[in-house]
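Remarks on the structure that follows.
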Amino acid sequence: MGARRKGRILAFQTLYAYELCSAGSLEGRSRANDAEGQSLEFSWLDDSNRERINQESIDFARLIAAGTIQNLTEIDGQIKIQLEHWDFSRINKVDQALLRIGVYSLLFQKDIPASVTIDEAVDISKEYGTDESYRFVNGVLDAIRKNLER
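If you want our numbering, it's the 1-based position in the sequence shown plus 486.
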């Protein structure tokens, strides 16, 4: 597995951990800021997994995760536009994290072809999501790609 794929998986896991740590916080920013710091330091990774990930993957994951968290309002807005008859809060957390990193890449990593971004998100969703996750992730990201191309 390549360094960027490992980085995307780590970014996805980071956003998943971030969401779990900051979800439901009405105290707001302090808890979310704590969750962001802990997530981006990968404190949730055990030592054996940390040893198997090279620095290039960690740097790429940190770039994606930090960029996603910093642009979460815009990213979630792009996702919500695509959800017909479906509430954003009903998206399972795995799919939500995958969509967020995919949308971040589509919006802000113009050097990465959209097809690569979508294919990577779909492949990761097949491994970590439900049986239907990959179809959902593909459909939402492809619709966002088409909107951005207009």
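The C-beta atom is built at its ideal place from N, Cα and C for all residues, glycine as well.
Quick caveat, the model's predicted, so the values are computed rather than measured.
Report the option in the options whose CA atom is closest to the CA atom of residue i.
{"i": "Val608", "options": "Glu527, Leu549 and Leu627", "result": "Leu627"}
{"i": "Asp545", "options": "Leu496, Gln595, Gly625 and Arg586", "result": "Leu496"}
{"i": "Arg490", "options": "Gly563, Asp573, Asn578 and Val602", "result": "Val602"}
{"i": "Ala551", "options": "Arg636, Leu569 and Glu505", "result": "Glu505"}
{"i": "Leu558", "options": "Gly488, Ala629, Phe594 and Gly625", "result": "Phe594"}
Can you list, in chain order, the residues of its chain with a C-beta nearer than 6 angstroms to that of residue i? Leave out the 5 residues immediately preceding and following it.
{"i": "Tyr614", "result": "Val580"}
{"i": "Glu606", "result": "Arg494"}
{"i": "Phe574", "result": "Lys566"}
From residue i to residue j, what distance separates their C-alpha atoms?
{"i": "Lys632", "j": "Ala600", "result": "10 angstroms"}
{"i": "Gln541", "j": "Ile565", "result": "30 angstroms"}
{"i": "Leu549", "j": "Asp617", "result": "29 angstroms"}
{"i": "Trp572", "j": "Ser619", "result": "15 angstroms"}
{"i": "Gly493", "j": "Leu526", "result": "12 angstroms"}
{"i": "Phe528", "j": "Cys507", "result": "13 angstroms"}
{"i": "Ile598", "j": "Ile604", "result": "10 angstroms"}
{"i": "Gly625", "j": "Arg636", "result": "17 angstroms"}
With H, G and I counted as helix, E and B as strand and the rest as coil, what does DSSP make of residue i?
{"i": "Arg632", "result": "Correcting the residue identity first, residue 632 is Lys in this sequence and not Arg. Reduced to three states, the DSSP call for Lys632 is helix."}
{"i": "Lys596", "result": "coil"}
{"i": "Asp605", "result": "helix"}
{"i": "Asp562", "result": "helix"}
{"i": "Thr554", "result": "helix"}
{"i": "Arg538", "result": "coil"}
{"i": "Glu618", "result": "coil"}
{"i": "Gly625", "result": "helix"}
{"i": "Gly488", "result": "coil"}
{"i": "Phe528", "result": "coil"}
{"i": "Asp573", "result": "coil"}
Throw me the rounded Cβ distance for the residue i and residue j pair, which I believe falls under 8 angstroms.
{"i": "Leu584", "j": "Ser611", "result": "5 angstroms"}
Tell me which same chain residues have a C-beta within less than 7 angstroms of the C-beta of residue i, skipping the five on either side of it?
{"i": "Phe622", "result": "Asp581"}
{"i": "Thr554", "result": "Leu501, Ile561, Arg586, Ile587 and Tyr590"}
{"i": "Leu634", "result": "Leu592"}
{"i": "Ile539", "result": "Lys492 and Leu496"}
{"i": "Ala547", "result": "Gly493, Leu496, Ala497 and Thr500"}
Please return the same chain residues whose Cβ sits closer than 8 angstroms to the Cβ of residue i, not counting the five positions on each side in sequence.
{"i": "Ala629", "result": "Gln568"}
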